[in-house]
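In terms of our numbering, the sequence shown opens at residue 6 and continues consecutively.
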Amino acid sequence: FFFIASQKPMSVKSLALSSGFKMPIIGLGTFLSKPGEVENAVSIALKNGYRAIDCAHVYQNETEVGKAIANSGLERDDLFVTSKLWNTCHRPERVLPALKKTLEDLQLSYLDLYLIHWPIALASHGDELFPADEDGNSLFDNDADYVATWKAMEQCVAEGLVRSIGLSNFNIDQINRVLGVAAIKPAVLQVENHPFLQQRALVNFCKEHDIVVTAYAPLGAPGRPWGNDDEPVVLEQPTVKTIAEKYNKTPAQVLLRYQIQRDIVVIPKSVKEHRIKENFNVFDFELSLDDMKEIDLLERGFRAFGLEKYRKSAFF
């Protein structure tokens, strides 16, 4: 299931998408990368072999990402840039303007992949990203069905502004609803995925429907600001550390390799040069079947990204 993206220097392994395009199996994540840091991080990544960058409007840093891409000296066709439609823009008439804003910020004429960030829709209140009432409760738009949003996403492909479209944070039932109306099938599903949350039923469903899975938080999101000190850390698990020592690799490299061997795309996030380089250096070793099974045993259904805030949405 592996394909070589090209024979050019620093080519990385890619997975074939149902849209006919190829997606590098590793990219740089930009979530929680602060303005002032993310431009440098993207520049370092592109200089060190990365060709995929994962972005989103809600990260509020696409302008800086765009500067780094523009200054990279790389050909556009050699890059794979993903972005995501935010929850306040699910009404069909808001999809194309949202995409055009992202393209403007990224200084691009097209995206390689555009995802619906979440199935839930938030009310549209100007430029507010997280509209809420006086008590801080999210204001949902329960009439903005993602099925209608999907048809608008297809129009973005028809207009040549996006090559592939997909979903993020959708479950099996929600994906099935999209498949029921889709003229263009979702090419990718991006979800939280790491040894504590392997989502095997969802991953298998996607493979059956030719949907490539991307794992965000493949390292378990150890630096998330909302985390608690008493929560488990997958990078610190003895199993992971022992396997890392066996291959003379870091725990992070083992966790990334684990997903790559599951044919899952990984988008580790970092702004530190040595981490960015380290995360990319995962193609010179292979985990044994026994090692893979040992990591499988770490499953505990633990989500680093809680969903409770969206429970009152009609599309939860």
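Just so you know, even glycine gets a beta-carbon here, dropped at the ideal spot from N, CA and C. The structure presented is a predicted model; accordingly, all values stated were derived computationally and were not measured.
Select from the options the residue whose C-alpha is nearest the C-alpha of residue i.
{"i": "residue 26", "options": "60, 169, 40", "result": "169"}
{"i": "residue 4", "options": "44, 272, 17, 154", "result": "The shown model of the chain, from 6 to 321, leaves out residue 4, and the question about it has no answer."}
{"i": "residue 256", "options": "223, 106, 234, 277", "result": "223"}
{"i": "residue 265", "options": "277, 287, 276, 209", "result": "287"}
{"i": "residue 263", "options": "125, 123, 89, 199", "result": "199"}
{"i": "residue 289", "options": "254, 260, 278", "result": "254"}
{"i": "residue 389", "options": "186, 313, 269", "result": "Look at the range of the chain in this structure, 6 to 321, and you will see that residue 389 is not part of it."}
{"i": "residue 246", "options": "160, 299, 141, 56", "result": "299"}
{"i": "residue 149", "options": "208, 137, 95, 176", "result": "95"}
{"i": "residue 102", "options": "236, 160, 65, 141", "result": "160"}
{"i": "residue 132", "options": "65, 181, 17", "result": "65"}
{"i": "residue 243", "options": "79, 296, 204", "result": "296"}
{"i": "residue 306", "options": "202, 86, 221, 215", "result": "202"}
{"i": "residue 93", "options": "51, 145, 179", "result": "145"}
{"i": "residue 129", "options": "141, 147, 139", "result": "147"}
{"i": "residue 221", "options": "234, 174, 178", "result": "174"}
{"i": "residue 304", "options": "311, 293, 206", "result": "206"}
{"i": "residue 122", "options": "179, 68, 82", "result": "179"}
{"i": "residue 312", "options": "106, 176, 81", "result": "176"}
{"i": "residue 151", "options": "141, 140, 184", "result": "184"}
{"i": "residue 106", "options": "67, 285, 234", "result": "67"}
Does the distance from the CB of residue i to the CB of residue j come in under 9 Å?
{"i": "residue 134", "j": "residue 116", "result": "no"}
{"i": "residue 70", "j": "residue 110", "result": "yes"}
{"i": "residue 197", "j": "residue 308", "result": "yes"}
{"i": "residue 33", "j": "residue 251", "result": "no"}
{"i": "residue 192", "j": "residue 100", "result": "no"}
{"i": "residue 171", "j": "residue 118", "result": "yes"}
{"i": "residue 72", "j": "residue 44", "result": "yes"}
{"i": "residue 61", "j": "residue 31", "result": "no"}
{"i": "residue 320", "j": "residue 189", "result": "no"}
{"i": "residue 113", "j": "residue 74", "result": "yes"}
If you measure from the CB of residue i, is any heavy atom of the ligand NAP nearer than 8 Å?
{"i": "residue 116", "result": "With respect to the ligand NAP, the structure shown offers nothing to examine, as it has no ligands at all."}
Please go through the same chain and pick out, in chain order, the residues whose beta-carbon is closer than 8 Å to the beta-carbon of residue i, but skip the five residues on each side of it.
{"i": "residue 232", "result": "226, 309"}
{"i": "residue 323", "result": "With the chain covering only 6 through 321, there is no way to say anything about residue 323."}
{"i": "residue 249", "result": "255, 256, 258, 259"}
{"i": "residue 230", "result": "37"}
{"i": "residue 292", "result": "248, 252, 259, 262, 263, 266, 300"}
{"i": "residue 240", "result": "224, 225, 227, 256, 257, 260"}
{"i": "residue 140", "result": "none"}
{"i": "residue 8", "result": "Confidence at residue 8 is low in this model, with a pLDDT of 40, below 50, so its placement is unreliable and the value that follows should be read with caution. Only 18, 19, 20, 21, 27 meet the Cβ criterion."}
{"i": "residue 302", "result": "244"}
Which same chain residues end up closer than 6 Å to residue i when comparing Cβ atoms and leaving out the 5 residues on each side of it in sequence?
{"i": "residue 282", "result": "53"}
{"i": "residue 153", "result": "97"}
{"i": "residue 15", "result": "Residue placement at residue 15 cannot be trusted, given a pLDDT of 46 that sits under 50; the coordinates are not used to answer."}
{"i": "residue 6", "result": "Note that residue 6 scores 41 on pLDDT, short of 50, meaning its location in the model is unreliable; the coordinates nonetheless yield the value given after this. Cβ neighbours of residue 6 beyond the five flanking positions: 268."}
{"i": "residue 181", "result": "none"}
{"i": "residue 13", "result": "Residue placement at residue 13 is poorly supported in this model, since its pLDDT is 38, which falls under 50; the coordinates still yield a value, given next. Excluding residues within five positions, none has a Cβ falling inside 6 Å."}
{"i": "residue 87", "result": "59, 118"}
{"i": "residue 210", "result": "177"}
{"i": "residue 155", "result": "183"}
{"i": "residue 208", "result": "218"}
{"i": "residue 236", "result": "none"}
{"i": "residue 215", "result": "23"}
Give me the Cβ distance between residue i and residue j, rounded to the nearest whole Å; I'm assuming they're in contact under 8 Å.
{"i": "residue 90", "j": "residue 120", "result": "7 Å"}
{"i": "residue 77", "j": "residue 48", "result": "7 Å"}
{"i": "residue 22", "j": "residue 217", "result": "6 Å"}
{"i": "residue 276", "j": "residue 46", "result": "4 Å"}
Tell me which residues share the same chain as residue i and place their Cβ nearer than 7 Å to its Cβ, disregarding the 5 neighbours each side in the sequence.
{"i": "residue 17", "result": "10, 29, 30, 31, 54, 56"}
{"i": "residue 204", "result": "196, 198"}
{"i": "residue 79", "result": "51"}
{"i": "residue 162", "result": "170, 189"}
{"i": "residue 24", "result": "168, 169, 192"}
{"i": "residue 278", "result": "49"}
{"i": "residue 40", "result": "66, 69"}
{"i": "residue 285", "result": "31, 53, 54, 55"}
Exercise. What runs of the beta strand (DSSP E), each 3 residues or longer, lie entirely inside the segment 206-284?
Worked result: 217-221
For this session: Starting from the N-terminal side, write out each stretch of the beta strand (DSSP E) that is 3 residues or longer and does not extend beyond the segment 171-207.
Result: 193-197
For this session: With a floor of 4 residues, list each alpha helix (DSSP H) that falls wholly inside the segment 76-156, ordered by position along the chain.
Result: 97-111
For this session: Counting only runs of 4+ residues fully inside the segment 11-66, write out the alpha helix (DSSP H) ranges in chain order.
Result: 43-52
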